Every structure is written in structure tokens, then in C-alpha cells.
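Working notes, beginning with the structure itself.
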Amino acid sequence: MAKRAGWAQFEAALDAYGRGDYATALHKLKPWADRGDPFSQYKLGLMYAIGHGVPQDYQEALRWLRAAAEQGNVDIQFSVGSLYAMGEEVPQDFKEAWHWMYQAALQGHSAASFNLGLMYAKGQGVAKNPEAALLVFQDAAGRGYIQAQHTLGMIYHGLFLEGVPQDHKEAYRWYRQAAEQGYAAAQIQIGGMYYYGEVVPRDFSEASKWYRKAAEQNDALGQAKLGVLYFEGHGVPQDFVLAHMWLNLSAAQGDENAAKLRDNYAKVMTREQIAAAQKKASNWRPNKPDSL
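Terminal number for the sequence shown in our numbering: 330, no gaps in between.
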């Protein structure tokens with residue numbers, strides 16, 4: 039009965055935190071944190087870091103955050119590493135970020151492995167080491183982490199991480215794995231490989247398919263690429279209205295090149311076509327894939 043009552047108090051603390059009632063949350067979380075509950079310690083650390091219900095105090099925040107992470111909870115270790123890397127709620131410290139990412143990666147945390155790869159690649163918190171970066175990217179990608187798969191594609195494509203020989207077949211393989219899971223940046227790369235006939239036979243229809251998948255997720259570059267295909271009539275029936283619509287959507291997100299292309303294409307369109315394209319753009323809504 040006592041255990042059940044204690045759990046009810048813990049749930050009440052989390053509920054208060056979610057509602058922004060930080061005074062109640064602090065009152066109920068502190069006893070749990072003092073008893074060594076890692077999640078309570080983590081929440082308490084965030085409260086001190088942000089100043090929710092307590093005076094902002096980075097040292098106190100770090101004390102509680104480290105206490106939580108040192109108990110070995112892999113998700114908290116990753117979160118603490120992320121906080122140190124971002125430097126928003128706590129002072130930025132890449133050495134501490136690397137330490138906690140490494141601890142989480144040792145326990146098989148894919149996102150931590152991916153972030154370790156970035157830190158090895160950029161020399162953040164650790165000496166720059168392309169070989170180590172490649173190994174941890176491969177580790178995360180092999181466990182299905184989408185961003186790592188896309189990054190491996192970029193590495194083998196020669197777009198990231200110097201010192202690794204280009205291998206466009208490997209690039210296509212990793213891009214494809216990420217693309218099939220709905221990752222827009224990888225879908226654009228696959229589309230480009232089909233558009234230019236790189237490793238795979240040139241196929242405008244396949245290029246349009248992959249550009250469309252990215253465009254429908256509201257990816258500005260995917261929208262611009264698809265708009266150009268509609269204007270050219272490559273892989274899709276030529277349609278100035280749809281070309282203008284996709285380029286307009288891309289331009290609305292700040293793609294200056296898309297805005298220039300849209301305005302140039304508008305010179306060969308009628309007023310009615312432009313009006314129809316603008317209406318389509320106004321009514322359009324993005325569609326996020328289920329896998330993301």
C-alpha cells in the first residue's frame with residue numbers, strides 16, 4: 039500500500055510538471071530525487087537549468103543531471119550529452135557531451151552513436167578522427183538509425199567526411215535504406231541519382247517519384263526539384279500550373295532559387311494558369327510518412 043501511495047505521489051509530480059505547476063512538482067519530486075530516482079533527478083536538474091519553480095542555477099542543475107546519468111540510464115545519459123552539446127539549458131561543453139554520448143553508445147543507443155560520429159568528424163570534444171566517425175556511423179546505421187544511413191550515403195557520395203574513398207554504389211544503398219523509411223533528404227539524393235543516371239540507369243519517372251515523396255513532406259528542395267520536372271515534362275506530363283505550385287511552395291520556405299524559377303516560368307503562363315497554381319499552393323497540405 040505504501041509503495042502504491044508513493045507511486046501516486048510520483049505520478050502527481052509528473053502531472054504537475056506537465057501542467058507548469060512547478061512549485062508542486064518540486065515539492066513532490068525532491069523526495070524521490072533524494073532517494074536516488076534517476077528520472078526525478080533528471081527532471082529536477084532541468085528545473086534548475088531553466089529556472090522552473092526554482093532560481094536558475096546551472097551548478098545545481100548539473101549536479102542533479104549527472105546524478106541521474108551516472109546511474110546508467112541510457113536515455114538520460116543521451117539527454118545529458120545532448121544538453122551539453124546544444125549549450126542551451128546548460129553551458130556548452132563538448133567534452134562532457136562526448137563522455138555521455140559515449141556512455142550511452144556503449145549501451146547500444148543509436149542516436150548517441152550517430153552523435154558520436156558527428157563529434158569525431160568535427161573534432162568536438164575529442165580529436166578529429168574520420169576512421170572512428172565512420173565506424174560509429176556504420177554501427178548506428180546497421181541498427182536502422184535513419185540519419186546515420188543518410189550520412190553514410192553522403193560519406194560514400196563524397197559529400198561528407200574527408201579521407202573515405204567514394205563508392206557510389208554504397209552511397210545509393212544507404213540513401214535507399216533511409217529513403218524507404220521516409221527520410222526526405224535521402225529521397226532527394228535518390229531522385230538525383232535517377233535524374234542524372236548515377237550508378238542506376240537514368241530514369242526521370244523514378245526521379246519524379248522520389249522527389250515527390252520529399253515534396254509531399256514539405257521539403258523545400260524536393261518541391262523545387264519536382265517543380266522543375268513538371269515544367270520540363272521529364273518523368274511527369276508537362277504541367278505549368280503544377281510546376282508553379284511546387285516552386286511557389288518551395289519559395290514560401292525561403293528557397294530563393296525556386297522563387298526565381300517560379301517567376302521565370304510565370305512569364306510563359308497565362309493569368310488563369312498563375313491564379314490556378316496559386317490556389318493549388320494555398321490549398322496544399324503536407325503529408326508526413328508513417329515511418330517517421
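All C-beta atoms in this analysis are idealised placements derived from N, C-alpha and C, irrespective of residue type, glycine included. Computed from a predicted structure; not experimentally measured.
- Query: Cβ of residue 357 within 8 Å of Cβ of residue 194?
  - Reply: The question about residue 357 has no answer here: the residues shown for the chain are numbered 39 through 330.
- When the Cα of residue 317 is compared with those of 287, 293 and 102, which residue comes out closest? In the sequence shown, counting from the first residue as 1, residue 317 sits at position 279. The option with the nearest alpha carbon to residue 317 is 287.
- Item | Nearest residue (CA-CA) to residue 190, options 176, 182 and 181 | As a working mapping, residue 190 is identified with position 152 in the sequence shown. Among 176, 182 and 181, the Cα nearest to that of residue 190 belongs to 176.
- Task: Please go through the same chain and pick out, in chain order, the residues whose beta-carbon is closer than 6 Å to the beta-carbon of residue 299, but skip the five residues on each side of it.
- Result: The residue you call residue 299 lines up with position 261 of the sequence shown. Here the set comprises 285.
- Got a sec? Which residues, its chain only, sit under 7 Å from residue 43 by beta carbon, not counting five neighbours each side? Working through the sequence shown from its first residue, we reach residue 43 at position 5. Low per-residue confidence applies at residue 43: pLDDT is 43, beneath 50, and the placement is therefore not dependable enough to give any value.
- Message: Measuring only the C-alpha atoms, how far is residue 131 from residue 168?
- Response: Taking the first residue of the sequence shown as position 1, residue 131 is located at position 93. Taking the first residue of the sequence shown as position 1, residue 168 is located at position 130. Taking the straight line from one Cα to the other gives about 21 Å.
- Message: Since residue 315 and residue 282 should fall inside the 8 Å C-beta cutoff, what is the C-beta to C-beta distance between them, to a whole number of angstroms?
- Response: What you label residue 315 is simply residue 277 of the sequence shown in a count that begins at 1. What you label residue 282 is simply residue 244 of the sequence shown in a count that begins at 1. Yes, residue 315 and residue 282 are in contact; Cβ-Cβ is about 4 Å, under 8 Å.
- Let me know the secondary structure DSSP gives residue 373 once reduced to three states. The question about residue 373 has no answer here: the residues shown for the chain are numbered 39 through 330.
- May I ask you to report which of helix, strand or coil DSSP gives residue 249? The residue given as residue 249 occupies position 211 in the sequence shown. Here residue 249 sits in helix by DSSP.
- Query: Mind checking whether residue 163 and residue 138 have CB atoms under 8 Å apart?
  - Reply: Residue 163 sits at position 125 when you count from the first residue of the sequence shown. Residue 138 sits at position 100 when you count from the first residue of the sequence shown. Their beta carbons are not under 8 Å apart, which means residue 163 does not touch residue 138 by this criterion.
- Message: Let me confirm a value: residue 306 is counted as buried when at least 16 other C-beta atoms fall within 10 Å, else exposed. Which label applies?
- Response: Taking the sequence shown and counting its residues from 1, one reaches residue 306 at position 268. Exposed.
- Three-pair Cβ contact test at 8 Å for the stretch 94–104 versus the stretch 43–62: Judged by pairs of C-beta atoms under 8 Å, the stretch 94–104 does not touch the stretch 43–62, as fewer than three such pairs exist.
- Indicate whether residue 85 and residue 64 have their beta-carbon atoms separated by less than 8 Å. Mapped onto the sequence shown, residue 85 falls at position 47. Mapped onto the sequence shown, residue 64 falls at position 26. Note that the C-beta distance between residue 85 and residue 64 is below 8 Å.
- Query: In angstroms, rounded to a whole number, what distance separates the CA positions of residue 264 and residue 250?
  - Reply: Counting from one through the sequence shown, the residue named residue 264 turns up at place 226. Counting from one through the sequence shown, the residue named residue 250 turns up at place 212. Taking the straight line from one Cα to the other gives about 6 Å.
- Task: Could you tell me if residue 214 is buried or exposed, where buried requires 16 or more neighbouring beta carbons within 10 angstroms of its beta carbon?
- Result: Locating residue 214 in the sequence shown gives position 176, where the first residue counts as 1. Its Cβ being crowded by 16 or more others within 10 Å, residue 214 is buried.
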